[in-house]
Every structure is written in structure tokens, then in C-alpha cells.
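First up is the structure itself, then whatever we jot down about it.
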Amino acid sequence: MSQSLSQEIVLDDLDRKIIEFLQADGRTPYTTIATELNVAESTVRKRITRLIDLEVIKIVGIVDPVKVGLGTVAIVGVKVEGADLEIVVDRLSALPATRYIGVTTGNYDLTVEVAFESSEQLFNFVTHTLREIPGVVDSHTSLLMKVFKQRA
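Take any residue in the sequence shown, count from 1 to its spot, add 8: that is its number in my numbering.
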């Protein structure tokens, strides 16, 4: 059930508080949230189901790339010309190393986060894989040295 950009979803204080609990730990039992917020467990369950159905939230496991052997993480700005941006996004999305893609303004059209086992794999991505995607005309790669804060 995708929402259009013009359709705003209204969240109340209870929705926001439930989201805060899930952001701290997506495995928090509904009964715990209900007790803390002084509401019925069924209310929490219904609210979370609604938030998921409206695509306001997703409850997923987030992998720390370093802890699973992907110690080379980079942010790549990608400039696209003469091609459908969505084609480039589709090609990048299909790559296992791609963790995030966002359309941006400024010097680059896309910001892409990738994770690899080695700097050699990052090198191959930047010099071969990325350059072979039709429409990609420029990129700028920044190696992510350390993450101090990450929100899901």
C-alpha cells in the first residue's frame, strides 16, 4: 500500500512513542510497550500493524558490515546524464554490495553506500562496475572510516 508524495500520514503522540520503542529495539514485545505506555497490548499491536501497512515503519535486522567481514564501506556520489535515473538505480540496487541509494541535489544525482570485504573490491566497483552502467558519467568516493551514530 504505497503512499503518494502528496498524501500525508498523520501520526499522533502514541504512534510516535511506539516508534521510539521500536527504534531502540525492534524486538521489544508489544506487552512491554503497552505496559510502559499504559495502553492495551491490542492497541499497540494494531498501531504497529497500521504503521507497517502504511509503510511508515519497517522492522528489519540491520547488519553491521564490519562485524560480518565487510570492513570497507564507502559513500559514492554518482552523476547520471543521458539515461533514465531509475535504470541506474535498478542496476545499483541489484548489486549485493549496495546498502543504500538516495536521489540527491547538488553535484551528484545519487548517493550510494556500498560495503566490501576489501579495498580491492571497492576499487573494482568504482573502476569497472560503476563505469559500465549506462548513464553514469562521474563519481566521487569517500571511504567511511568510523560510524559514530546510525539510526535505523
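Built from N, CA and C at the ideal position, the CB exists for glycine as well.
Keep in mind the model is a prediction, meaning the values are calculated, not measured.
Less than 9 Å between the beta carbons of residue 68 and residue 27, yes or no? As a working mapping, residue 68 is identified with position 60 in the sequence shown. As a working mapping, residue 27 is identified with position 19 in the sequence shown. No.
Given this structure, state the Cα-to-Cα distance separating residue 78 from residue 125, to the nearest angstrom. Counted from its first residue, the sequence shown places residue 78 at position 70. Counted from its first residue, the sequence shown places residue 125 at position 117. Their Cα atoms are separated by approximately 4 Å.
Which of helix, strand or coil does DSSP assign to residue 48? In the sequence shown, counting from the first residue as 1, residue 48 sits at position 40. Looking at residue 48 - three-state DSSP - the assignment turns out to be coil, as it is neither helix nor strand.
Which full runs of the alpha helix (DSSP H) of 4+ residues lie inside the segment 78 to 104, going along the chain? 93 to 101
Residue 53 beta carbon less than 9 Å from that of residue 38: Stepping through the sequence shown from its first residue, residue 38 is reached at position 30. Stepping through the sequence shown from its first residue, residue 53 is reached at position 45. Contact: yes.
Distance between residue 99 and residue 32 (C-alpha atoms, nearest Å): Start at 1 with the first residue of the sequence shown, and residue 32 comes out as number 24. Start at 1 with the first residue of the sequence shown, and residue 99 comes out as number 91. The straight-line gap from Cα to Cα measures roughly 33 Å.
In angstroms, rounded to a whole number, what distance separates the CA positions of residue 161 and residue 116? Given a span of 9 to 160 for the chain in the structure shown, any question on residue 161 remains unanswerable.
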